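S.K.:
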DNA sequence: GGATAGTTTCAGTAATTACAGAAAGATCAA
DNA sequence: TTGATCTTTCTGTAATTACTGAAACTATCC
């Protein structure tokens, strides 16, 4: 039982380190999930981030108990997002992966992508709806109907909100190289 | 075919209104989904928001083609979140529902809840991890190991980020009654 | 009390999403 | 070229999540 498969004796601190890392990884995975990110993907990212040192596919597989296929696909997806990087070690055949180290940069990349994929289409739809309900589409009398007016109002409220949110995102995205963003600096000074 | 089940003749503008609303509802549902919110729940909310006028369970069922059970559960969940409200009409037996009308208030409620449910636990975990890796837990020499130092650095980076984010959320949450939040006003003035 | 109108709960099922493992595809060295 | 090593893709399956429909429950009226 404890013969061939026994791990090389590890110093106590290494075990403790691993335990702490695992704790973080699991929590990060849970959080990711509730924000619409596949748990495994979030966990891989957490592992690479928290570990600092680059890891190869087999490291990741072993550490998180996932299949090669899963690891490969998730790593690729993370690369596509741009929050981890491929890394070739001199004289080594296999690829290593490392996370971006700057959290602000990481999240600004994520913000940019989500804005593009999710917020922009909504704004576009809102505008399309507004057009369908303006006077030139419905005629003057129909456009005055209470129900139409109400919906128009609601569309406008949402549009305003999303426009402001977009601006904030853009600021965050534009200035997020290393350390606090301009947005954040402004906020921290103000309060 | 077109006899008994034919809908009462609706003016053209009502159809157009419905089409526009449906467009918005579908998009909102899609967005919700990618943010980890059940599509149906997001759609119900979108319907109540965009429609303005309160609707009863049967209205919702019919409009979104969902079962009574689903409607009931989702409506209750939305009430629990606090972004829609139950409403009793004088002399009517059944309940109606309406969405909050102020988008800023709505999102500040959502922000508060997600902070509580998802960000706070992560922050707590990070601190727990840091404790596990400090000198008094590991001993001086172990705590100096490169791997430990690296992980500690990463934990710290993440902690800082989440603390600032938390503060921003808190501002947003605290001041979001009707119209632009203080956070947002500060930002808009600054850029 | 019973009848009616409306709401909630929940067990079973459908739909979706995540995953493993194996096969195919690369890349490189000799 | 062949073989070795490593990566990607993909199909079937497992796990999860979402949904329905019917039964149980509640409130209201007569």
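Chains as they are written, first to last, in the numbering used here: chain A, 2 to 192; chain B, 2 to 192. Glycine is no exception: its CB is placed at the ideal position from the N, C-alpha and C atoms. Keep in mind the model is a prediction, meaning the values are calculated, not measured.
Using a Cβ cut-off of 7 Å, pull out every chain B residue sitting near residue 146 of chain A, in sequence order please.
M.R.: What residue 146 of chain A touches in chain B: 14.
S.K.: For the putative contact between residue 21 of chain A and residue 134 of chain B, defined by C-beta atoms under 8 Å, what is the C-beta separation to the nearest angstrom?
M.R.: Sure, about 5 Å apart at Cβ, within 8 Å.
S.K.: Smallest Cα separation from residue 124 of chain A: which of B:28, B:172, B:11 and B:170?
M.R.: Residue B:28 is the option with its Cα nearest to residue 124 of chain A.
S.K.: Return the CA-CA distance between residue 72 of chain A and residue 43 of chain A, expressed in angstroms with no decimal places.
M.R.: Using only the alpha carbons, I get a separation of about 12 Å.
S.K.: Could you tell me whether any Cβ in chain B is nearer than 8 Å to the Cβ of residue 105 of chain A?
M.R.: Closer than 8 Å to some Cβ of chain B, the Cβ of residue 105 of chain A qualifies, so yes.
S.K.: For residue 130 of chain B, decide whether its Cβ has a neighbour in chain A, counting only Cβ atoms nearer than 8 Å.
M.R.: Yes, its Cβ sits closer than 8 Å to a Cβ of chain A.
S.K.: So, is residue 11 of chain A buried or exposed, given that buried needs 16 or more other C-beta atoms within 10 angstroms?
M.R.: With fewer than 16 Cβ atoms within 10 Å of its Cβ, residue 11 of chain A is classed as exposed.
S.K.: Indicate whether at least one CB of chain B lies closer than 8 Å to the CB of residue 169 of chain A.
M.R.: With 8 Å as the cut-off, residue 169 of chain A counts as an interface residue toward chain B.
S.K.: Taking CB distances under 8 Å as the criterion, tell me whether residue 126 of chain B reaches chain A.
M.R.: Output row for residue 126 of chain B: interface = yes.
S.K.: Quick check for students: name the residue ranges of the alpha helix (DSSP H) that lie wholly in the region 76-116 of chain B, counting only runs of 4 or more.
M.R.: For the region 76-116 of chain B, whole alpha helix (DSSP H) runs of length 4 or above, ordered along the chain, are 104-115.
S.K.: Name the one or two DSSP bridge partners that residue 56 of chain A has.
M.R.: Answer is A:98.
S.K.: Leaving out the 5 sequence neighbours to the left and right, which residues in its chain are closer than 8 Å to residue 172 of chain B when beta-carbon positions are compared?
M.R.: So the list reads 182, 183 and 184, once near-sequence residues are dropped.
S.K.: Beta carbon of residue 52 of chain A, beta carbon of residue 152 of chain B: below 8 Å?
M.R.: Result yes, Cβ atoms of residue 52 of chain A and residue 152 of chain B sit closer than 8 Å.
S.K.: Name the chain A residues whose beta carbon is nearer than 8 Å to that of residue 50 of chain B?
M.R.: Under the 8 Å cutoff, chain A gives 155 and 159.
S.K.: Taking Cβ-Cβ distances shorter than 8 Å, what residues in chain A pair up with residue 20 of chain B?
M.R.: What residue 20 of chain B touches in chain A: 133.
S.K.: How is residue 122 of chain A classed by DSSP in three states: helix, strand or coil?
M.R.: Note: residue 122 of chain A maps to helix in three-state DSSP.
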